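Trainee: For reference, the structure I am asking about is given below.
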Amino acid sequence: KAGVTQTPRYLIKTRGQQVTLSCSPISGHRSVSWYQQTPGQGLQFLFEYFSETQRNKGNFPGRFSGRQFSNSRSEMNVSTLELGDSALYLCASSWGLRTDTQYFGPGTRLTVL
Amino acid sequence: AQTVTQSQPEMSVQEAETVTLSCTYDTSESNYYLFWYKQPPSRQMILVIRQEAYKQQNATENRFSVNFQKAAKSFSLKISDSQLGDTAMYFCAFMKPREGSGGGADGLTFGKGTHLIIQP
Numbered sequence: 684k685a686g687v688t689q690t691p692r693y694l695i696k697t698r699g700q701q702v703t704l705s706c707s708p709i710s711g712h713r714s715v716s717w718y719q720q721t722p723g724q725g726l727q728f729l730f731e732y733f734s735e736t737q738r739n740k741g742n743f744p745g746r747f748s749g750r751q752f753s754n755s756r757s758e759m760n761v762s763t764l765e766l767g768d769s770a771l772y773l774c775a776s777s778w779g780l781r782t783d784t785q786y787f788g789p790g791t792r793l794t795v796l
Numbered sequence: 002a003q004t005v006t007q008s009q010p011e012m013s014v015q016e017a018e019t020v021t022l023s024c025t026y027d028t029s030e031s032n033y034y035l036f037w038y039k040q041p042p043s044r045q046m047i048l049v050i051r052q053e054a055y056k057q058q059n060a061t062e063n064r065f066s067v068n069f070q071k072a073a074k075s076f077s078l079k080i081s082d083s084q085l086g087d088t089a090m091y092f093c094a095f096m097k098p099r100e101g102s103g104g105g106a107d108g109l110t111f112g113k114g115t116h117l118i119i120q121p
C-alpha cells in the first residue's frame, strides 16, 4: 500500500505571496492532519480534516487554512507569507479520528525569502 | 493542555549497544496514547512504537521496546542491538482520543526530540 504523498517537496516563495500544499493520504484513510516543524518551535499541530470537515485546529493565525476533498486528499493554504512561515510542513493520515495512529508523509520544505 | 519533555537533546552510542531515550509527559487525561516517531536525515517521520495508556504491558516492536510508567508519567524507549540505520531524531508524542468536535487542538503533542547518533 502506498504511503502518504506530499507535493511539492520543495517550495521557495517571497513575503506576501500565498502558497498551496497538497497531501494524498494512504488509501482508505479518511483523516488528514497537518503539522509545522521549525527549529525553534518544533512540531506543532495545525489542523485535522475528516470527511471534508475541519475537526480540530491548533493555535495558528487565520492565514493558515485547509480543505479536504471527497477522495480524502487535502490541501493547505498559507496566505500573505511571512519569513517565519519557513518550515517543513508535514501531513499525516489515519483511518479515522478517535484513537487511530497517524502516518506521516515526507513533508514539503517551504522557504520564504 | 498536555506537555511532553525529552531531556536528552543528543545521545551517542556505539553500534550494537543498547540505548534508552527518556520522555516524560504531563496530562490530566486518563485515557491517552503515546508514540515514538523516528525522523532520519531524509525528514520522513516514521512510527516506531505505540502504547495505549490503559494497557499495563509495555509495547515491543522487534529491537524497540518501551518502559511505560503511568503513575510517573514516564515513557522511555529502549533500542537493543543498535544499528547505524537507527541514527535519527527521535520524537516522543502524546495523543488523546480525537473527538473531532472542532473545539480543541487534538493533534499529536510532540517533545523537542533526541538526536541519536550510532557510531560504527
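Those sequence lines, one after another, are chains R and B.
Per my numbering, the first sequence starts with residue 684, numbered consecutively.
Per my numbering, the second sequence starts with residue 2, numbered consecutively.
Just so it is clear, CB atoms sit at the ideal spot from N, CA and C, and this is done for glycine as well.
Model, not experiment: these values are computed from the prediction.
#1: Should the segment 11 to 31 of chain B be called in touch with the segment 108 to 116 of chain B, which here means at least 3 C-beta pairs below 8 Å?
#2: Helix, strand or coil: which one does DSSP assign to Ile119 (chain B)?
#3: With distances taken from CA atoms, which of R:Met759, R:Phe787 and R:Pro789 is nearest Phe743 (chain R)?
#4: Taking the Cβ atom as the reference point for each residue, do Phe730 (chain R) and Gly745 (chain R) lie within a distance shorter than 8 Å?
#5: Between the segment 758 to 790 of chain R and chain B, which residues of the former have CB atoms less than 9 Å from a CB of the latter, in chain order?
#6: Would you call the segment 693 to 704 of chain R and the segment 757 to 775 of chain R in contact, with 3 or more CB pairs under 8 Å?
#7: Measure the beta-carbon distance from Pro97 (chain B) to Asp87 (chain B) and round it to whole angstroms, keeping in mind my assumption that it falls under 8 Å.
#8: Rounded to the nearest angstrom, what separates Glu16 (chain B) and Gln40 (chain B) at their Cα positions?
#9: Could you tell me the distance, in whole angstroms, from the CA atom of Thr690 (chain R) to the CA atom of Thr791 (chain R)?
#10: Is there a Cβ of chain B sitting closer than 8 Å to that of Leu694 (chain R), yes or no?
#11: Taking Leu184 (chain B) and Gln785 (chain R) to be in contact with their CB atoms under 8 Å, please state how far apart those CB atoms are, rounded to whole angstroms.
Mentor: So, to answer that:
#1: yes
#2: strand
#3: With distances taken between Cα atoms, Phe743 (chain R) lies closest to R:Met759.
#4: Not a contact, by the Cβ cut-off of 8 Å.
#5: Leu771, Leu773, Ala775, Ser777, Gly779, Leu780, Arg781, Thr782, Asp783, Thr784, Gln785, Tyr786, Phe787, Gly788, Pro789 and Gly790
#6: yes
#7: The sequence shown places Lys at residue 97 (chain B), rather than the Pro named in the question. Going by Cβ atoms, the distance from Lys97 (chain B) to Asp87 (chain B) rounds to 29 Å, so no, they are not a contact pair.
#8: Distance from the CA atom of Glu16 (chain B) to the CA atom of Gln40 (chain B), rounded to whole angstroms, is 19 Å.
#9: 7 Å
#10: no
#11: Outside the shown range of chain B, which is 2 to 121, sits residue 184 (chain B), and nothing can be said about it.
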